[in-house]
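Data block below; observations after.
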Amino acid sequence: MSDSIVPPVDQPPEYESAEPVLYEVQDGVAYVTLNRPQYHNAQNSQMTYALDDAFQRAVNDDDVKCIVLKSDAKHFTAGHDIGTPGRDFHSSFDRRLMWYDHANKGGAEKAYVREQEVYLGMCKRWRAIPKPTIAQVHGACIAGGLMLAWVCDLIVASDDAFFQDPVLQMGFPGIEYFAHCHELNPRIAKEFLFLGERMSAQRAYEMGMVNRVVARDDLAAEVARITARIAEQPRLALQLAKQACNHMETLSGKEAGIDASFGYHHFAHANNQLVDGDYIGGFDGKKMADSNKRQAEES
Ligand code: ZN
Numbered sequence: 002m003s004d005s006i007v008p009p010v011d012q013p014p015e016y017e018s019a020e021p022v023l024y025e026v027q028d029g030v031a032y033v034t035l036n037r038p039q040y041h042n043a044q045n046s047q048m049t050y051a052l053d054d055a056f057q058r059a060v061n062d063d064d065v066k067c068i069v070l071k072s073d074a075k076h077f078t079a080g081h082d083i084g085t086p087g088r089d090f091h092s093s094f095d096r097r098l099m100w101y102d103h104a105n106k107g108g109a110e111k112a113y114v115r116e117q118e119v120y121l122g123m124c125k126r127w128r129a130i131p132k133p134t135i136a137q138v139h140g141a142c143i144a145g146g147l148m149l150a151w152v153c154d155l156i157v158a159s160d161d162a163f164f165q166d167p168v169l170q171m172g173f174p175g176i177e178y179f180a181h182c183h184e185l186n187p188r189i190a191k192e193f194l195f196l197g198e199r200m201s202a203q204r205a206y207e208m209g210m211v212n213r214v215v216a217r218d219d220l221a222a223e224v225a226r227i228t229a230r231i232a233e234q235p236r237l238a239l240q241l242a243k244q245a246c247n248h249m250e251t252l253s254g255k256e257a258g259i260d261a262s263f264g265y266h267h268f269a270h271a272n273n274q275l276v277d278g279d280y281i282g283g284f285d286g287k288k289m290a291d292s293n294k295r296q297a298e299e300s
């Protein structure tokens with residue numbers, strides 16, 4: 002049995018900032034910036050709900066034509082928060098979807114209900130944002146970070162960016178939003194999952210997962226060029242084009258596949274709890290980082 006690293010229920014999270022997400026509008030573009038730099042933008046629920054607020058604000062603003070999701074930290078994001086003082090697994094939030102509160106539940110129900118809302122539900126909600134969204138990615142885009150990038154319409158990466166879903170070693174088939182076989186062809190997706198290795202921005206580009214790869218110093222300027230062009234286009238036509246493309250994906254089974262895989266993911270959570278006494282297999286941020294570092298050195 003490994004030690005459970007889920008914080009005790011009676012231990013409230015210690016947030017390092019009241020602003021885990023920054024918001025700014027410039028020339029018709031909303032810039033939504035992940036802002037937990039000292040934790041490599043690990044996504045706690047505080048950040049997730051702040052992201053939802055920021056996206057809602059951008060949607061409500063008629064002057065905003067498109068949305069850029071970015072980071073000013075060393076990395077885009079290291080994924081879901083599994084080990085900072087601000088980890089808020091037990092906290093209740095003002096929910097945005099038709100789910101009941103997870104905080105006072107037990108067993109496998111707690112993680113299932115929580116992840117239906119904060120992971121699966123939010124990702125579906127953000128994919129449907131009725132304005133073009135662009136992920137501006139540099140550095141690490143790991144696990145839950147992929148979910149943020151994948152729900153955006155375009156991904157523009159710098160040449161130092163890398164993408165990785167390393168959660169198979171924790172007992173999972175993959176992250177909660179299982180779009181792997183739509184973002185990559187299934188054989189590449191299997192390699193990505195089985196090996197859990199970093200995929201460079203260049204390879205992600207070659208596989209069709211990323212729209213453009215540019216030098217790190219040119220990243221912001223390249224995204225600005227794209228957003229300037231988008232901002233000239235008619236709002237409704239942008240939305241209709243997005244909706245049509247998303248609908249094609251849905252018709253191809255994307256959502257149904259993601260929903261089915263979410264069940265496998267939660268079977269793995271429950272199995273981890275039964276076998277290891279911990280729903281994520283005894284991993285925390287440090288153990289995951291050490292494992293990733295070792296793997297990167299070996300490959
Ligand atoms: Zn999960």
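Per this note's numbering, residue 2 is the first one in the sequence shown, and the count goes up by one each step. Glycine included, each C-beta is placed from N, C-alpha and C at the ideal position.
Per the coordinates, the alpha-carbon of Gly172 lies some 41 Å from the alpha-carbon of Lys66. The nearest non-hydrogen atom of the ligand ZN is less than 7 Å from the C-beta of Ala112. Between the alpha carbons of Lys111 and Asp277 lies a gap of roughly 17 Å. Contact between the stretch 126-141 and the stretch 100-111 is absent: fewer than three C-beta pairs spanning the two stretches fall below 8 Å. Short of 6 Å from the beta carbon of Ala190, and not among the five residues preceding or following it, lie these beta carbons of its own chain, in chain order: His181, Cys182.
For Glu116, the shortest separation between its Cβ and any heavy atom of the ligand ZN lies below 7 Å.
Lys71 sits away from Gln165, with the two beta carbons spaced by 8 Å or more. DSSP places Arg126 inside the alpha helix (DSSP H), whose first and last residues are 123-128.
Ranked by Cα distance from Glu20, the options Arg236, Ser46, Ala158, Leu237 are led by Ser46.
In summary, Gln274 is buried, with 16 or more beta-carbon neighbours lying within 10 Å of its beta-carbon over all protein chains present.
As DSSP reads the structure, Glu25 sits in a beta bridge with Tyr32. Shortest gap from the CB of His266 to any heavy atom of the ligand ZN: under 7 Å.
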